[in-house]
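Trainee:
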Amino acid sequence: MIFRKLCRHTITFSRRSILIVTFFIFPLIYTLFRQTKSDTLIQKEKPPLSLLFETTTSNAVLSKSELHIKLLRAKVERLASKVKSRAIVFNNKALNPNYNTHIFYYGWYGNTPVDGYYKHWNHTYLPQWEQDGKIYPKGSHSPILDIGSNFYPSLGCYSSQDPKVIEMHMKQLREAGVGVIVISWTPPNYTDSPSTILPLLFQYAKLYEIKIALHIEPYFNRNPINLIHHLHPFLSQYGNNVALYRMKKGNRHLPVFYIYDSYLTPAISWMEILTPEGAFSVRGGRMDAIFLGLLVDIQHRYHIKKSHFDGFYTYFAANSFSYGSTWKNWKTLAKFAKQNELIFIPSVGPGYEDTQVRPWNTKNIRQRRQGQYYDVAWRSAINSNVKYISITSFNEWHEGTQIEPAIPMKTSRFTYLDYEPMGSYFYLNLTKWWNEQFTKTLLKY
Ligand SMILES: *[C@@H]1O[C@H](CO)[C@@H](O)[C@H](O)[C@H]1NC(C)=O
Ligand SMILES: *[C@@H]1O[C@H](CO)[C@@H](O)[C@H](O)[C@H]1NC(C)=O
Ligand SMILES: *[C@@H]1O[C@H](CO)[C@@H](O)[C@H](O)[C@H]1NC(C)=O
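In short: position in the sequence shown from 1, add 95, done, that's our numbering.
#1: In terms of alpha-carbon separation, which member of 269, 521, 365, 335 lies closest to residue 405?
#2: In angstroms with no decimal places, state the Cα-to-Cα distance between residue 126 and residue 173.
#3: Out of 305, 318, 353, which one is the CA nearest neighbour of residue 442?
#4: Keeping to the same chain, check which residues put their C-beta closer than 8 Å to that of residue 511; ignore five residues upstream and five downstream.
#5: If you check the beta carbons only, do residue 253 and residue 310 fall under 8 Å apart?
#6: DSSP three-state label for residue 173, please.
#7: Is DSSP giving residue 389 helix, strand or coil here?
#8: Kindly examine ligand 2 and report whether one of its heavy atoms sits closer than 7 Å to the Cβ of residue 212.
#9: Could you give the distance in angstroms between the alpha-carbon of residue 139 and the alpha-carbon of residue 169?
#10: For residue 109, name the three-state secondary structure that DSSP assigns.
#11: Where do the N-terminal and C-terminal ends of the alpha helix (DSSP H) with residue 361 fall, by residue?
#12: Going along the chain, which residues of its own chain have a beta-carbon closer than 8 Å to the beta-carbon of residue 450, five neighbours each way excluded?
#13: Tell me whether the beta-carbon of residue 338 lies closer than 8 Å to the beta-carbon of residue 305.
#14: Could you tell me the alpha carbon to alpha carbon distance between residue 153 and residue 266, rounded to whole angstroms?
#15: In the structure shown, what three-state DSSP assignment does residue 396 receive?
#16: State buried or exposed for residue 242, treating a residue as buried only when at least 16 other CB atoms are found within 10 Å of its CB.
#17: Under the criterion of a Cβ to heavy atom distance below 7 Å, does residue 493 qualify as lining ligand 2?
#18: Could you have a look at residue 294 and say whether DSSP puts it in helix, strand or coil?
#19: Are residue 198 and residue 277 close, meaning C-beta to C-beta below 8 Å?
#20: Indicate whether residue 419 and residue 452 have their beta-carbon atoms separated by less than 8 Å.
#21: Is residue 85 near ligand 2, with its Cβ less than 7 Å from a heavy atom?
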């Protein structure tokens, strides 16, 4: 679901990036490296000359994607050094749920003991978009030891239907103070529909004081009119549930729907349901809600505005992958949102790596750097003075954006990434820490 957009962008990104890297950024970064190097020389003891020499020569033979990764690493390091150093020791104080912190949640995993077969852990290798002359693996992963993720979950290849798993997830999110889960959603009987687990999710969410919003995926033939039609049974069933998240609009409290890839539908179609004058308007009625569009490219601002969405989010965890996912654009986007009375919810993530499902997609890797990447994302979001922040993701394991606990795992064929030496809970703890900072800044408003 989340995959299509990524690929299209990879293409435009790659051609441009080669040019940019060659003519602008390489000389820039080279200067930067030299700068950093001389800084190190002042602070620390002088490294042996041979080391400097080696670094310089290896720079010269770097492949484009290696260079790209190196470049991004330098950027994150530079930005991270600006972020005030966070406490290394996390406190164990309970944090109240912050309902302004939302997290994308996936309920699409299945395993043989619970579901009768594996779902998603046995993800296929996806074909690449531009032939690059290299040969990549085909077919699909075969759990338990070989899964479609660069990381390995602490809970193993779990089933999203398992009540014990759902309870554990809610408990973990409650401890991190994350108030709202945004569940990936397609209508009942569509691929990856969470409809059979929604009763359990609502039950355990309530128990842990967590609220639920939906992330509407681009299910087959989605359009604004059938979307309202499909949402009707959902709202009939859960509209009065205390665990349904509601956001204040005027004097009403409305459910919230994030709409992935909303720009695939023309603004005039969204207007049919989102403007008071629309032929199928939901405004003011029982189906009214806060509808949030996805902003990928800069011109989507006009699509969001014209469609009459209530606000927008950015989803992608890879900084500079799209206009919306570029941290330095968030202040501008916040200003645009304010001027147009829109809700802006930037999406922060701990990193990105999906080469177990897209082996060719090395240029979008964003290394976690022991939490530094996540730090800069959170700081950028908080500094843009937003009222809401979304986290990509709790458990999108295929793209390596999860904050869910992971364990070290090594097989004869593959070594998974992990959170060591900080441990499995590191990203939950770090989320709690940043969530606390965010809560403090919200109190100032
Ligand atoms: C991280 O969180 C877990 C679970 O809440 C806790 O047991 C652990 O002590 C925390 N780690 C640190 C370093 O504070
Ligand atoms: C995963 O396994 C199940 C059961 O064998 C199968 O139905 C499904 O198509 C597999 N998925 C992939 C992507 O191979
Ligand atoms: C989904 O499929 C099941 C079983 O085939 C059927 O009983 C149910 O009515 C369907 N639900 C919807 C909403 O179509």
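For every residue, glycine included, the Cβ atom is placed at its ideal position computed from N, Cα and C.
Mentor: Let me spell this out:
#1: For this step, residue 405 is matched to residue 310 along the sequence shown. The residue with the shortest Cα to Cα distance from residue 405 is 365.
#2: Looking up residue 126 in the sequence shown gives position 31. Looking up residue 173 in the sequence shown gives position 78. Low confidence applies to residue 126: its pLDDT is 46, below 50, so where it sits in the model is not reliable, and the reading given next is rough at best. Approximately 13 Å between the Cα atoms of the pair.
#3: Counting from one through the sequence shown, the residue named residue 442 turns up at place 347. Ranking the options by Cα distance to residue 442, first place goes to 353.
#4: In the sequence shown, residue 511 corresponds to position 416, counting from 1. Leaving aside the five residues that flank residue 511 on each side, the residues in its chain whose CB is nearer than 8 Å to its CB run, in chain order, 244, 245, 246, 247, 501, 503, 504, 505.
#5: What you label residue 253 is simply residue 158 of the sequence shown in a count that begins at 1. What you label residue 310 is simply residue 215 of the sequence shown in a count that begins at 1. Cβ distance not < 8 Å, so residue 253 and residue 310 don't count as in contact.
#6: Numbered from 1 along the sequence shown, position 78 holds the residue referred to as residue 173. Helix.
#7: Locating residue 389 in the sequence shown gives position 294, where the first residue counts as 1. Looking at residue 389 - three-state DSSP - the assignment turns out to be strand.
#8: Start at 1 with the first residue of the sequence shown, and residue 212 comes out as number 117. Yes, ligand 2 has a heavy atom inside 7 Å of this Cβ.
#9: As a working note, residue 139 is residue 44 in the sequence shown. As a working note, residue 169 is residue 74 in the sequence shown. Here the model assigns residue 139 a pLDDT of 34, short of 50, so the residue's position is not dependable, and the following value carries that caveat. When rounded, the distance between both Cα atoms is 19 Å.
#10: Taking the first residue of the sequence shown as position 1, residue 109 is located at position 14. At residue 109 the pLDDT is 44, less than 50, meaning the model places this residue with poor confidence and gives no usable figure here.
#11: Start at 1 with the first residue of the sequence shown, and residue 361 comes out as number 266. Note, residue 361: premise wrong, no alpha helix (DSSP H); not H, not E.
#12: Against the sequence shown, residue 450 aligns to sequence position 355. Excluding five sequence positions before and after residue 450, the CB atoms of its chain that fall closer than 8 Å to its own CB belong to 245, 456, 457, 460, given in chain order.
#13: Sequence index remark: in the sequence shown, residue 338 carries index 243 (1-based). Sequence index remark: in the sequence shown, residue 305 carries index 210 (1-based). Going by C-beta atoms, residue 338 is nearer than 8 Å to residue 305.
#14: Within the sequence shown, the letter at position 58 stands for residue 153. Within the sequence shown, the letter at position 171 stands for residue 266. For residue 153, the predicted model reports a pLDDT of 40, less than 50, meaning its position is unreliable; a value from the coordinates is still stated below. Answer to the nearest angstrom: the Cα atoms are 47 Å apart.
#15: Translated into positions along the sequence shown, residue 396 becomes position 301. Residue state for residue 396 is assigned as helix, using DSSP reduced to three classes.
#16: Position 147 of the sequence shown, counted from the first residue, corresponds to residue 242. By the neighbour-count rule (16 or more Cβ atoms within 10 Å), residue 242 is buried.
#17: Stepping through the sequence shown from its first residue, residue 493 is reached at position 398. No, the Cβ of residue 493 stays beyond 7 Å of every heavy atom of ligand 2.
#18: Indexing the sequence shown from 1 puts residue 294 at position 199. Helix.
#19: Sequence index remark: in the sequence shown, residue 198 carries index 103 (1-based). Sequence index remark: in the sequence shown, residue 277 carries index 182 (1-based). Going by C-beta atoms, residue 198 is nearer than 8 Å to residue 277.
#20: Position 324 of the sequence shown, counting from 1, holds the residue named residue 419. Position 357 of the sequence shown, counting from 1, holds the residue named residue 452. Not closer than 8 Å, so no.
#21: Nothing can be reported for residue 85, as the shown portion of the chain is limited to 96 through 540.
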